[in-house]
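Participant: Residue numbers (the UniProt record's numbering): 1 to 489. Yeah, the Cβ is synthetic: ideal placement off N, Cα and C, and Gly gets one too. Note that this is a predicted model, so its numbers are computed, not measured. Dumping the structure here so I can ask a few things about it.
Below, the structure is given as structure tokens:
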């Protein structure tokens, strides 16, 4: 049975390490996606609350945090990571309640969040932060990386604790202070991280978390004393943030927006374990119930392997069954909200009306926001199933002939976030990686690809998927600015 008890939570903003009155009458409601039951109500953070958080962040940046040496900053972030590990069960329960994550997945994600914080703690004194430029004999020029200042962050609900840790860890490691807004439907784990950061020794104001909806995000984006915005979310919201910044305060912005990522499999994979390949394809399409910006939701199979691989994909997708997210054995839970389920179901209906062939129907009449894997066979690339980010468990499958058609199909979208290519031809692998427009291109030549770069992975999206580098050591440059210091003798 899905647990009836919901932990009491103080959902007030955390500013300067302490819960603070949000000073707003804008009431927001949290609902458990697994049961449809209301779990909490809270007031969204208003203008005065944002002002207070930004002032505290500025004070931290110009004071204790900004003046702190790398050794002490490292020690604080290491303690922060250890505390996130210690409180992993509490964090997991928060994301389970807010967005319906299966408890085992939520616990693993808390561990990943701790890993990101630890990775950037270790990087503080190892990443090269400046160079000496060549000059004449009576001059010296130092080119240094300086923290940007106060960073405003807006993060989505699909991976609440990971998305926040991925942003705050490099920003703090680089010496910035942070004002972060989690999604209005997933504030709990972000508030826990803010409390743990204070316990770890972050100076007051170095990390504030302000629960709220889009109105709070808009105030943060255009705030005159915020030096940079880092945003992950939909392309539509990313555009709105850019417009707001352009019409108010000029500041750098990092955008990681939507995706409609392709997976392409060539005939030269014949003779390989197609069942294992199908399992990887299904995992890439339906991880987190398809609520993943890099989900490979467009599958293109070369003619010679289309039928045998498709049969196996359908078998693996059909075996994914939604279960009780409180059961540690459950790997597939509900979508994050009624709104998200309704959105995905509209795309399914649109696909049927557009003439796509439904091969697997995941719609169920159940309590909660459950929607199981859905698969369509699609001809062409001019319908919403192949062009729009659905952000749910819907896979569109098509066939192709040859590299030229594969490239055309892969690039037939406004997005450019990620792609996967299955081929054993190394020349083709390089040609495809060069020709497919995506921030990350994964080449698989074996049915059982090994782990990649992990925390060191870095990428920059293309097209309407955004811009700016996240992840890896490169993120330290994203959250810093270049300053040249010239000496004349």
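Of all Cβ atoms in chain D, is any one closer than 8 Å to the Cβ of residue 435?
Facilitator: Checking the listed chains, one finds no chain D in this structure; it contains a single protein chain.
Participant: With a cut-off of 8 Å on the beta carbons, I'd call residue 10 and residue 19 a contact; round off their distance for me.
Facilitator: The residue given as residue 10 occupies position 10 in the chain shown. The residue given as residue 19 occupies position 19 in the chain shown. With 8 Å as the limit, residue 10 and residue 19 qualify as a contact, their Cβ atoms being about 5 Å apart.
Participant: Within 10 angstroms of the Cβ of residue 489, are there 16 or more other Cβ atoms? Answer buried if so, exposed if not.
Facilitator: Locating residue 489 in the chain shown gives position 489, counting from the first residue. That one is exposed.
Participant: Measure how close the beta-carbons of residue 52 and residue 219 come, nearest whole angstrom, since I'm counting them as under 8 Å.
Facilitator: Here residue 52 corresponds to residue number 52 of the chain shown, with the count starting at 1. Here residue 219 corresponds to residue number 219 of the chain shown, with the count starting at 1. Actually they are not in contact, since the Cβ atoms of residue 52 and residue 219 sit about 12 Å apart, beyond 8 Å.
Participant: Can you check which of these residues, 420, 194, 96, is closest to residue 16 by C-alpha distance?
Facilitator: On the chain shown, residue 16 is found 16 positions in, with the first residue counted as 1. Here the closest residue by C-alpha is 194.
Participant: Buried or exposed, going by whether 16 or more other CB atoms sit within 10 Å of the CB of residue 132?
Facilitator: The count along the chain shown starts at 1 and reaches residue 132 at position 132. By the neighbour-count rule (16 or more Cβ atoms within 10 Å), residue 132 is not buried but exposed.
Participant: Got a sec, what are the start and stop residues for the alpha helix (DSSP H) residue 306 sits in?
Facilitator: Numbered from 1 along the chain shown, position 306 holds the residue referred to as residue 306. Note, residue 306: alpha helix (DSSP H), 306 to 319.
Participant: Give, in chain order, every unbroken run of the beta strand (DSSP E) that is at least 3 residues long and sits entirely within the stretch 426 to 474.
Facilitator: 440 to 444
Participant: Tell me the rounded alpha-carbon separation between residue 438 and residue 258.
Facilitator: The sequence position of residue 438 within the chain shown is 438, counting from 1. The sequence position of residue 258 within the chain shown is 258, counting from 1. Taking the straight line from one Cα to the other gives about 12 Å.
Participant: Does DSSP put residue 400 in a helix, a strand or coil?
Facilitator: Taking the chain shown and counting its residues from 1, the one referred to as residue 400 is at position 400. Three-state result, residue 400: strand.
Participant: Could you check if residue 368 is buried or exposed, using at least 16 other CB atoms within 10 Å of its CB as the buried criterion?
Facilitator: The residue you call residue 368 lines up with position 368 of the chain shown. With 16 or more Cβ atoms within 10 Å of its Cβ, residue 368 is classed as buried.
Participant: Just confirm the distance between the C-beta atoms of residue 292 and residue 158, as a whole number of angstroms; I'd bet it's less than 8 Å.
Facilitator: The residue labelled residue 292 in the question sits at position 292 within the chain shown. The residue labelled residue 158 in the question sits at position 158 within the chain shown. Going by Cβ atoms, the distance from residue 292 to residue 158 rounds to 6 Å, so yes, they are a contact pair.
Participant: Counting only the same chain and skipping the five closest in sequence on each side, list residues whose C-beta sits under 6 Å from that of residue 396.
Facilitator: On the chain shown, position 396 is the one that residue 396 refers to. Here the set comprises 298, 376, 378, 385, 386.
Participant: If distances are taken between C-alpha atoms only, which option among 479, 185, 278 comes closest to residue 27?
Facilitator: As a position in the chain shown, residue 27 is number 27, starting the count at 1. The option with the nearest alpha carbon to residue 27 is 185.
Participant: Beta carbon of residue 197, beta carbon of residue 116: below 8 Å?
Facilitator: Reading the chain shown from its first residue, position 197 is the one you call residue 197. Reading the chain shown from its first residue, position 116 is the one you call residue 116. Contact flag unset, no.
Participant: Please report the residue range of the alpha helix (DSSP H) in which residue 93 lies.
Facilitator: Within the chain shown, numbered from 1, the residue matching residue 93 stands at position 93. Unbroken alpha helix (DSSP H) run through residue 93: 88 to 99.
Participant: Classify residue 487: buried if its beta carbon has 16 or more other beta carbons within 10 angstroms, exposed otherwise.
Facilitator: Residue 487 sits at position 487 when you count from the first residue of the chain shown. Label assigned to residue 487: exposed.
Participant: Less than 8 Å between the C-beta atoms of residue 320 and residue 345, yes or no?
Facilitator: The residue you call residue 320 lines up with position 320 of the chain shown. The residue you call residue 345 lines up with position 345 of the chain shown. No, the Cβ-Cβ distance between residue 320 and residue 345 is not below 8 Å.
Participant: Please report how far the alpha carbon of residue 481 lies from the alpha carbon of residue 175, in whole angstroms.
Facilitator: For the purposes of this step, residue 481 is taken as the residue at position 481 of the chain shown. For the purposes of this step, residue 175 is taken as the residue at position 175 of the chain shown. C-alpha separation (whole angstroms): 11 Å.
Participant: Does the count of Cβ pairs from the stretch 424 to 443 and the stretch 327 to 342 closer than 8 Å reach three?
Facilitator: no
Participant: In or out: residue 84 buried (at least 16 other Cβ within 10 Å) or exposed?
Facilitator: The residue given as residue 84 occupies position 84 in the chain shown. Looking at its Cβ environment, which holds 16 or more other Cβ atoms inside 10 Å, residue 84 is buried.
Participant: So the beta strand (DSSP E) residue 490 belongs to, where does it begin and stop?
Facilitator: Look at the range of the chain in this structure, 1 to 489, and you will see that residue 490 is not part of it.
Participant: Using 10 angstroms around the beta-carbon of residue 483, count the other beta-carbons present and answer buried if the total reaches 16, otherwise exposed.
Facilitator: On the chain shown, position 483 is the one that residue 483 refers to. With fewer than 16 Cβ atoms within 10 Å of its Cβ, residue 483 is classed as exposed.
Participant: Pick out the complete alpha helix (DSSP H) segments inside the stretch 208 to 269, 4 residues or longer, and give them in chain order.
Facilitator: 214 to 222, 235 to 246
Participant: Report the CB separation of residue 248 from residue 57 in whole angstroms; it is logged as a contact under 8 Å.
Facilitator: Here the question's residue 248 lines up with position 248 in the chain shown. Here the question's residue 57 lines up with position 57 in the chain shown. About 18 Å separates the two Cβ atoms, so there is no contact after all.
Participant: Can you name the residues that DSSP bridges to residue 339?
Facilitator: Reading the chain shown from its first residue, position 339 is the one you call residue 339. Looking at the DSSP assignment, residue 339 forms no beta bridge with any residue, so it has no partner.
Participant: Pair every Cβ in the stretch 161 to 172 with every Cβ in the stretch 221 to 234, then say whether three or more of these pairs are closer than 8 Å.
Facilitator: yes
Participant: For the alpha helix (DSSP H) that residue 65 lies in, which residues bound it at each end?
Facilitator: Stepping through the chain shown from its first residue, residue 65 is reached at position 65. Element bounds for residue 65: 64 to 67.
Participant: Roughly how many angstroms separate the alpha carbons of residue 139 and residue 145, rounded to a whole number?
Facilitator: Mapped onto the chain shown, residue 139 falls at position 139. Mapped onto the chain shown, residue 145 falls at position 145. Taking the CA atoms as reference points, residue 139 sits about 20 Å from residue 145.
Participant: If you measure between the beta carbons of residue 264 and residue 421, is that distance less than 8 Å?
Facilitator: Here residue 264 is taken as the residue at index 264 of the chain shown, counted from 1. Here residue 421 is taken as the residue at index 421 of the chain shown, counted from 1. Contact: yes.
Participant: Give me the DSSP bridge partner(s) of residue 74.
Facilitator: For this step, residue 74 is matched to residue 74 along the chain shown. DSSP lists no partner for residue 74.
Participant: Taking C-beta to C-beta, are residue 91 and residue 189 nearer than 8 Å?
Facilitator: Sequence index remark: in the chain shown, residue 91 carries index 91 (1-based). Sequence index remark: in the chain shown, residue 189 carries index 189 (1-based). Against a cut-off of 8 Å, the Cβ pair of residue 189 and residue 91 comes out as a contact.
Participant: Among 303, 328, 261, 278, which residue has its Cα nearest to the Cα of residue 295?
Facilitator: Working through the chain shown from its first residue, we reach residue 295 at position 295. Distances from the alpha-carbon of residue 295 to those of 303, 328, 261, 278 put 261 closest.
Participant: Measuring CB to CB, does residue 130 end up less than 8 Å from residue 143?
Facilitator: Position 130 of the chain shown, counted from the first residue, corresponds to residue 130. Position 143 of the chain shown, counted from the first residue, corresponds to residue 143. Here residue 130 is near residue 143, since their CB atoms are less than 8 Å apart.
Participant: Starting from the C-beta of residue 304, find all residues in its chain whose C-beta is less than 8 Å away, skip the five residues before and the five after it, and write them out in chain order.
Facilitator: As a working note, residue 304 is residue 304 in the chain shown. The answer, listed in chain order, is 267, 270.
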